[in-house]
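Chains as they are written, first to last, in the working numbering: chain P, -16 to 221; chain F, 1214 to 1447.
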Ligand SMILES: Nc1ncnc2c1ncn2[C@@H]1O[C@H](COP(=O)(O)OP(=O)(O)OP(=O)(O)O)[C@@H](O)[C@H]1O
Ligand SMILES: [Mg+2]
C-alpha cells in the first residue's frame, strides 16, 4: 500500500488557444483516492483537462494546486498519452527508461521489466523495436511504462481506444489492481460500458466547460442535465 | 585518348603497388579531414541539438546565420583563415600558416555549419516526437539532451559523414592556407590539381580513384545507416 495520493484543486482554471477558450474557467476538486472518469464528446476538452492536471499545459488564468509541492507532484504522476509516444528503442528499453531516469540499479530494473512485460502481454516482444508495434501493443506498452514506476496518480487518455475486447478486459484488470494498490486514476474514455465498470466518480465536460461532476452511480442513474442525459443515451450533444 | 588510357593504367599500377607518394598523400588527407571532423562534431552535434530544443530570443537569427554559413564559398574561408594566420595577421605569431593545422582550421569552419544544420533538423523532428513524454517524465535538461543524442545517433552519424565527405573533397581553402607543399601539406585534392596542371595524369588519376573510393564509401555508409533507421533494426 502506498501513501494516499495527493488531492488537487482547480480554481478558475482557463486555457485559451489563439484567443479562444478551449477549457474553462473550471473549478474542480479531486480527492486523493478513487477512479475518476472524464467523459465528453470529441473536442470537449478532456485531453486538455488531463494535461492541465498533470501540469504540462500552459494556463491562461487560474491555477492548479496539488496538496503537495509542485516539484513533488509531477514525480509521483504518470501519464499515458492519447497517441502513445514510443522511444525509438526496443520494448525492453522503453519499459526500462523511466526507471533509468531515477537511477535505479540494473538488476532491479531487469526484474521489473520482465514482470511488467508479462503483465501487459508483451513478454515475447521484448526485443522488438517499439515503434514497429501494432497500435494496440503500443498502448499496452505505454501503460506498462507508466505503471512501472508505481505512480501515486495515473492519467490515462483513452488507454483502450485501439484494443480488442479481450485486451480491454486485461487492461481494466491491471488498472483495478493498480487502484487497489493505492494509485489514484484519472482517465478519459468514449466507452460508456467501461466508464460504468470502472468509475467511482465522474467528470462530464462539454465545450470546455465542466458540466457535471459527482458519484458515478448517481450520474449514470439520474444525470442532472439534459445534455448529460442525451450523451448517455448516445444522442448527439450540441 | 591514348594518353588518358596510359594514365589510367599507370594509375592502377600506382594503387596496386602502394606507391609511396600516393600513400603519403592519402594518409595526410585522412589525417587532416578526420581531425577536422572530430573538432567540428564536438562543436556541431551538441550545438545543433541544443538549438533544436532550446527556445531563446535570437533562435531564428541563429538558425538563419547557420544556414548562411553553410553556403560560405570555401575559397573565401581559405582567404579569411589565411589573413588571420599570416605573419601580419592577429594569429601570425603562432606560425600556423602552411601547416596541416591551418588546413584543419579551415575545414572545421567549412563543415561545422553543415553538421550543425543537419543535426538541428533531425533533432528538431525527434524532439517534437518525444517532447510530451520527456516533459511528463520530469526529465532534467541533461537527460533530455542525452536521450535525444542517443536515439538520434544514426542521424548524427549521417551528419558527421556528410561533413567528412565535404571536407575530404574540398580544395579551395586548403590550397590557400596549406600551400600544397610536398611532404608537408599536400593532400588528395591539391595534389590532383597540381599534377593535372603539370600533365602527370597517372598520379592525378590514381589519387582521383582513391578520392572517389572514399566518397563512395561515405555515401554507402550514409545509405546503410538510413536503411537501418527506416527498417527500425536496433
Ligand atoms: N494548441 C491548440 N490550438 C488550438 N486549439 C486547440 C489546441 N489544442 C486543443 N485545441 C482545441 O481544443 C479543443 C479541446 O481539445 P481536447 O484535445 O482537449 O479534446 P478532447 O475532449 O480530448 O477530444 P477527443 O475526444 O477528440 O480526444 C478541441 O476543439 C481542439 O481542437
Ligand atoms: Mg482527447
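All C-beta atoms, glycine included, are put in the ideal place defined by N, C-alpha and C.
None of these values were measured; they are calculated from a predicted model.
Near ligand 2: residue i beta-carbon under 7 Å from a heavy atom
{"i": "residue 171(P)", "result": "yes"}
{"i": "residue 30(P)", "result": "yes"}
{"i": "residue 177(P)", "result": "no"}
{"i": "residue 196(P)", "result": "no"}
{"i": "residue 140(P)", "result": "yes"}
Check: residue i C-beta below 7 Å from any heavy atom of ligand 1
{"i": "residue 1272(F)", "result": "no"}
{"i": "residue 152(P)", "result": "no"}
{"i": "residue 1302(F)", "result": "no"}
{"i": "residue 192(P)", "result": "no"}
{"i": "residue 1(P)", "result": "yes"}
{"i": "residue 219(P)", "result": "no"}
{"i": "residue 26(P)", "result": "yes"}
{"i": "residue 5(P)", "result": "yes"}
{"i": "residue 23(P)", "result": "yes"}
{"i": "residue 65(P)", "result": "yes"}
Under the three-state DSSP convention, the category residue i falls into
{"i": "residue 196(P)", "result": "strand"}
{"i": "residue 37(P)", "result": "helix"}
{"i": "residue 1251(F)", "result": "helix"}
{"i": "residue -16(P)", "result": "Unreliable placement is indicated for residue -16(P), whose pLDDT of 44 sits below 50; no coordinate value is reported for it."}
{"i": "residue 85(P)", "result": "coil"}
{"i": "residue 1385(F)", "result": "helix"}
{"i": "residue 1412(F)", "result": "coil"}
{"i": "residue 1397(F)", "result": "coil"}
{"i": "residue 1234(F)", "result": "helix"}
{"i": "residue 63(P)", "result": "strand"}
{"i": "residue 1405(F)", "result": "helix"}
{"i": "residue 207(P)", "result": "coil"}
{"i": "residue 43(P)", "result": "coil"}
{"i": "residue 1242(F)", "result": "helix"}
{"i": "residue 167(P)", "result": "strand"}
{"i": "residue 1438(F)", "result": "helix"}
{"i": "residue 220(P)", "result": "coil"}
{"i": "residue 184(P)", "result": "strand"}
{"i": "residue 175(P)", "result": "helix"}
{"i": "residue 150(P)", "result": "helix"}
{"i": "residue 1463(F)", "result": "What is shown of chain F runs 1214 to 1447, which leaves residue 1463(F) out entirely."}
{"i": "residue 70(P)", "result": "coil"}
Residue i versus residue j: straight-line alpha-carbon distance, rounded
{"i": "residue 52(P)", "j": "residue 1368(F)", "result": "39 Å"}
{"i": "residue 20(P)", "j": "residue 98(P)", "result": "27 Å"}
{"i": "residue 107(P)", "j": "residue 1380(F)", "result": "46 Å"}
{"i": "residue 69(P)", "j": "residue 77(P)", "result": "7 Å"}
{"i": "residue 32(P)", "j": "residue 66(P)", "result": "16 Å"}
{"i": "residue 188(P)", "j": "residue 153(P)", "result": "27 Å"}
{"i": "residue 205(P)", "j": "residue 162(P)", "result": "26 Å"}
{"i": "residue 207(P)", "j": "residue 1350(F)", "result": "38 Å"}
{"i": "residue 101(P)", "j": "residue 62(P)", "result": "21 Å"}
{"i": "residue -15(P)", "j": "residue 130(P)", "result": "Confidence in residue -15(P) is poor, its pLDDT being 47 and thus under 50, which makes the residue's placement unreliable; the coordinate value appears in the next sentence. In a straight line, the C-alpha of residue -15(P) is about 13 Å away from that of residue 130(P)."}
{"i": "residue 132(P)", "j": "residue 50(P)", "result": "20 Å"}
{"i": "residue 209(P)", "j": "residue 195(P)", "result": "11 Å"}
{"i": "residue 12(P)", "j": "residue 1354(F)", "result": "32 Å"}
{"i": "residue 1184(F)", "j": "residue 1441(F)", "result": "The shown model of chain F, from 1214 to 1447, leaves out residue 1184(F), and the question about it has no answer."}
{"i": "residue 1430(F)", "j": "residue 1232(F)", "result": "21 Å"}
{"i": "residue 1426(F)", "j": "residue 84(P)", "result": "44 Å"}
{"i": "residue 1418(F)", "j": "residue 1402(F)", "result": "11 Å"}
{"i": "residue 45(P)", "j": "residue -9(P)", "result": "13 Å"}
{"i": "residue 178(P)", "j": "residue 172(P)", "result": "7 Å"}
{"i": "residue 220(P)", "j": "residue 126(P)", "result": "31 Å"}
{"i": "residue 1259(F)", "j": "residue 183(P)", "result": "48 Å"}
{"i": "residue 199(P)", "j": "residue 90(P)", "result": "42 Å"}
Heavy atom of ligand 4 within 7 Å of residue i beta-carbon
{"i": "residue 1334(F)", "result": "No copy of ligand 4 occurs in the structure displayed; its ligands are ligand 1 and ligand 2 alone."}
* the stretch 62 to 79 of chain P: positions lying closer than 7 Å to chain C by Cβ -> Chain labels in this structure do not include chain C; the protein chains are P and F.
* Asked: For the stretch 16 to 43 of chain P, which residues have a beta carbon sitting closer than 7 Å to at least one beta carbon of chain F?
  -> Flagged, chain order: 37, 39.
* Name the residues in the stretch 1363 to 1377 of chain F whose C-beta lies less than 7 Å from a C-beta of chain P; which are they? -> Hits within the stretch, in order: 1364.
* Asked: What runs of the alpha helix (DSSP H), each 4 residues or longer, lie entirely inside the stretch 1256 to 1341 of chain F?
  -> For the stretch 1256 to 1341 of chain F, whole alpha helix (DSSP H) runs of length 4 or above, ordered along the chain, are 1272 to 1283, 1287 to 1298.
* **Chain-ordered residues of the stretch 112 to 128 of chain P with a beta carbon less than 7 Å from chain F** => The residues in question are 112, 114, 115.
* To do: Check each residue of the stretch 1384 to 1411 of chain F: if its Cβ is closer than 8 Å to any Cβ of chain P, include it; give the result in chain order.
  => If the cut-off is 8 Å between Cβ atoms, the stretch 1384 to 1411 of chain F has nothing near chain P.
* **Every unbroken beta strand (DSSP E) within the stretch -15 to 26 of chain P, with a cutoff of 3 residues, ordered by chain** => Within the stretch -15 to 26 of chain P, the complete beta strand (DSSP E) runs of at least 3 residues are -9 to 0, 3 to 13, 18 to 22.
* To do: Select from the stretch 130 to 153 of chain P all residues with a C-beta closer than 8 Å to any C-beta belonging to chain F, and list them in chain order.
  => Result list empty, no residue passes.
* To do: Tell me the start and end of each unbroken beta strand (DSSP E) in the stretch 80 to 148 of chain P that is at least 3 residues and wholly inside, in chain order.
  => Within the stretch 80 to 148 of chain P, the runs of beta strand (DSSP E) at least 3 residues long that lie entirely inside it are, in chain order, 136 to 140.
* **Cβ-based contacts, 7 Å cut-off: residues of the stretch 44 to 61 of chain P near chain F** => Taking 7 Å as the Cβ-Cβ cut-off against chain F, the residues of the stretch 44 to 61 of chain P that qualify are 57, 58.
* Asked: Between the stretch 1313 to 1338 of chain F and chain P, which residues of the former have CB atoms less than 7 Å from a CB of the latter, in chain order?
  -> Considering only beta carbons, no part of the stretch 1313 to 1338 of chain F lies closer than 7 Å to chain P.
* Selection of the stretch 77 to 98 of chain P by Cβ proximity to chain F, strictly under 7 Å -> Under the 7 Å Cβ criterion, the stretch 77 to 98 of chain P contributes 81, 84.
* What residues in the stretch 1412 to 1444 of chain F bring their beta carbon closer than 8 Å to a beta carbon of chain P? -> Those would be none; no residue qualifies.
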